[in-house]
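For the record, the sequence lines run as chains X and W.
Everything in the first sequence is counted per the working numbering, starting at 1 for the first residue and increasing by one.
Everything in the second sequence is counted per the working numbering, starting at 96 for the first residue and increasing by one.
All C-beta atoms, glycine included, are put in the ideal place defined by N, C-alpha and C.
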Amino acid sequence: MSIDRETVDHVALLARLALTEKEREQLKEQLSAILEHINVISEADTSQVPATAHILPLENVMRADKAVPWSDTAELVQNAPSHEDSYIRVRAVRD
Amino acid sequence: MPELWQLSVSEAADLLRRREISAVELTRAHQERIAQVEGNVRAFVTTLDDQALRDAERLDQRRSEGEQLGPLAGIPIAIKDNLCTRGVTTTCSSRILEHFTPPYDATVVARLHEAGAVILGKTNLDEFAMGSSTENSAFFPTRNPWDLGRVPGGSSGGSASAVAAGEAMVALGSDTGGSVRQPGALTNTVALKPTYGRVSRFGLVAFASSLDQIGPFARSARDAALLLQAIAGHDPFDSTSVDAPVPDYAAALSGDIKGLRVGVPAEYFVEGVEPGVRQAVEEAIETLKAQGAEVGECSLPHTRYGVAAYYIIAPAECSANLARYDGVKYGFALRGEADDLIDFVSKTRAHGFGAEVKRRIMLGTYALSSGYYDAYYLQAEKMRTLIKQDFDQAFEQFDVLVGPTSPTVAFELGAKTADPYAMYLNDVFTIPANLAGIPGISIPGGFSEGLPVGLQLLAPAFEEARLLRVADAFERVTDYHTRWPEALNAKRGARKRR
């Protein structure tokens with residue numbers, strides 16, 4: 001199965017990647033080639049096979065709902081590219 | 096007397112306890128070794144020169160005051176740079192995290208501090224652990240100490256090369272599809288991927304959360320056992336870490352494998368396995384037989400679907416995990432013009448991520464997108480069930496399975512960078528263990544034309560002790576693990592041109 005340019009553009013938008021023209025053309029070829037190999041999985045009849053999302057037989061893991069101090073705010077916030085006091089600055093989400 | 100940097104963990108721990116050497120001396124010896132060979136090997140992204148010496152000094156001080164120290168007190172270790180270290184940059188060898196300083200330690204790092212280990216530095220990797228050669232590092236490729244024109248494997252190539260070259264006594268890596276075992280095979284080191292859930296992933300920068308697992312590199316099974324002992328066990332910060340008792344791994348090293356049932360999967364000896372690799376592995380199997388193991392053939396019929404299933408599941412999970420890099424909370428942020436928030440985030444990510452990471456995010460986003468989910472992601476998860484059932488059936492008859500870790504020895508730098516799928520095929524024998532969640536180990540199994548061949552052993556879930564017992568028994572009758580790479584003895588600049 002090959003991927004067309006429209007699909008590359010759509011997926012890049014979903015993935016939030018502002019790819020260059022050259023990258024888009026390259027990915028069209030590379031993803032098509034990779035999918036050709038990957039399509040081998042469609043050969044197997046899995047109609048009766050359950051899916052495994054996770055190999056551990058885990059049920060929900062619960063703990064007491066108790067707040068504990070973690071890291072100090074200044075240390076956390078200093079990693080943000082733009083911050084003010086103990087706040088992270090973000091561009092406007094809407095006008 | 097060997098050089099201090101050539102000692103094993105147990106030898107060094109003995110000398111330290113008897114105060115015949117100090118932690119400072121041992122740390123210095125490794126730092127001098129790093130200064131001597133690092134220009135060629137390039138295993139480290141960051142070295143902690145002063146900090147490591149201060150840690151060692153403090154340990155010596157505490158020991159001289161008669162304090163009872165942890166089992167790894169004074170042991171110099173290297174840490175893959177996708178494991179968070181408080182106050183020390185954790186880059187994932189990516190531009191997007193180049194200046195990221197975590198405000199906390201990964202649980203494994205905290206446990207190493209408790210055990211007294213001295214962290215020498217952070218090692219290079221394929222960006223975000225995506226790759227099989229360490230060439231996808233955004234900074235520089237790491238070289239294989241056995242041949243400086245070849246790759247060390249990946250993604251934990253920095254940790255593998257550091258241990259192989261004597262720059263660190265042991266190291267930690269992470270294994271999502273073979274990223275500990277495959278570089279272990281290519282660099283003649285002992286490299287263990289524990290059972291999914293055996294070691295806490297808290298503070299390991301997430302790539303594919305249902306597959307990732309942290310594991311040790313060492314130059315012997317015993318050293319790997321000591322390191323696993325320090326990091327294994329339940330952690331409330333990782334709800335997928337399993338609350339089951341951790342056995343005494345070193346105590347399991349009895350040297351006895353008489354009657355051990357060893358299965359040889361036919362699918363691991365197919366076309367594509369280099370003749371030299373096949374020969375070394377077959378000889379290694381004969382060695383196990385001579386030690387009393389009962390060897391028989393078995394089948395893992397869905398092996399051929401493993402790579403395809405993995406390259407749907409891992410990119411799908413990575414596309415979700417890497418969505419957090421948006422230039423807002425931490426990491427690289429685009430400076431300059433952007434139309435709006437989405438434009439800013441999209442440009443930041445396009446600048447911050449390298450080609451392979453973008454490829455996998457695109458592949459995973461595609462596989463999860465509307466209309467393709469059933470054909471790819473769901474089908475891959477069903478395949479995962481079949482691959483797990485293959486192992487369940489094989490382990491009804493056999494205690495361990497054995498085969499090559501990698502179909503080839505270390506390849507030359509640049510040999511596979513043009514063809515992503517050719518690179519993915521390096522992991523054909525390591526991927527199934529991640530999909531099934533079982534433990535696997537790669538051990539020095541022989542040589543082919545002067546390059547190391549890794550022998551992979553696989554066991555049922557939570558049977559790491561069994562893997563280590565077989566590895567240790569094999570080491571008792573072979574000398575592969577004791578050999579040092581000759582390539583580093585040549586003077587710098589005198590390197591043969593290829």
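Asked	Found
L546 (chain W) versus I172 (chain W) - alpha carbon distance	25 Å
Proximity below 8 Å, CB of E369 (chain W) to CB of P527 (chain W)	no
Alpha-carbon spacing of E581 (chain W) relative to A316 (chain W), whole angstroms	22 Å
Proximity test, Cβ basis, 8 Å: E75 (chain X) and chain W	yes
Test: R293 (chain W) CB closer than 8 Å to a CB of chain X	no
Of the listed residues X:I38, X:T46, X:R91, X:K22, nearest to A517 (chain W) (C-alpha basis)	X:I38
From W:G165, W:S269, W:L99, W:F297, residue whose alpha carbon lies closest to that of F223 (chain W)	W:S269
Nearest candidate by alpha-carbon position, reference A138 (chain W), set W:A257, W:F364, W:G358	W:A257
Cutoff 8 Å: Y575 (chain W) Cβ touching any chain X Cβ	no
Interface residues of the stretch 433 to 456 of chain W facing chain X [CB-CB below 9 Å]	A433, D435, L436, I437, D438, F439, V440, S441, K442, T443, R444, A445, H446, F448, A450, K453, R454, I456
Environment of R587 (chain W) [buried if 16+ CB atoms lie within 10 Å]	Legend: pLDDT at R587 (chain W) = 45, less than 50; position of this residue unreliable, value from coordinates given subsequently. Exposed: under 16 other Cβ atoms inside 10 Å.
Test item: CB-CB of K442 (chain W) and A18 (chain X) under 8 Å	yes
Alpha-carbon spacing of K353 (chain W) relative to R63 (chain X), whole angstroms	45 Å
Nearest-angstrom Cβ-Cβ length linking S274 (chain W) and S251 (chain W), presumed shorter than 8 Å	5 Å
Extent of the continuous beta strand (DSSP E) run through P171 (chain W)	171 to 175
For I536 (chain W), the three-state DSSP class (helix, strand or coil)	strand
Residue-level contact to chain X via CB, L299 (chain W), 8 Å cutoff	no
Cβ neighbours of A347 (chain W) in the same chain (closer than 8 Å, five flanking residues each side left out)	A320, A560, R561, L563, R564
Near-chain W residues of the stretch 14 to 35 of chain X (beta-carbon distance less than 9 Å), N- to C-terminal order	L14, A15, R16, L17, A18, L19, T20, E23, Q26, L27, Q30, L31, A33, I34, L35
Under the three-state DSSP convention, the category A92 (chain X) falls into	coil
Collapsed DSSP secondary structure at S189 (chain W) in the structure displayed	coil
Beta-carbon proximity list for L111 (chain W), same chain, < 6 Å, skipping 5 on both sides	G169
Where F607 (chain W) falls: helix, strand or coil (DSSP)	A query on residue 607 (chain W) cannot be resolved here, the shown segment of chain W reaching from 96 to 593 and no further.
Interface residues of the stretch 530 to 550 of chain W facing chain X [CB-CB below 7 Å]	A531, G532
Partners in chain X for I526 (chain W), counting only beta-carbon separations shorter than 9 Å	None at all; the shortest Cβ gap to chain X is about 13 Å.
Assigned exposure category for T202 (chain W) - 16 Cβ within 10 Å defines buried	buried
Neighbour flag for R5 (chain X) against chain W, beta carbons, 8 Å	no
Sub-8 Å separation of G248 (chain W) and A255 (chain W) beta-carbons	yes
Cβ-based burial, R430 (chain W) [other Cβ within 10 Å; buried from 16]	exposed
Own chain, CB closer than 6 Å to A280 (chain W), minus 5 neighbours either side, in chain order	T500, S501, S537, G549
Chain W contact for P69 (chain X) (CB, 8 Å cutoff)	no
Span of the alpha helix (DSSP H) around G252 (chain W)	252 to 259
Same chain, Cβ closer than 8 Å to E262 (chain W), neighbours up to 5 away in sequence not counted	W100, H125, R128, I129, V132, E133, V136, A138, F139, A173, L215, S256
Contacting residues, own chain, Cβ-Cβ under 8 Å from A260 (chain W) (five flanking each side not counted)	R128, V132, V136, A138, P240, P580, L583
Any chain X beta carbon closer than 8 Å to Q308 (chain W)	no
Backbone secondary structure at I3 (chain X) - three-state DSSP	coil
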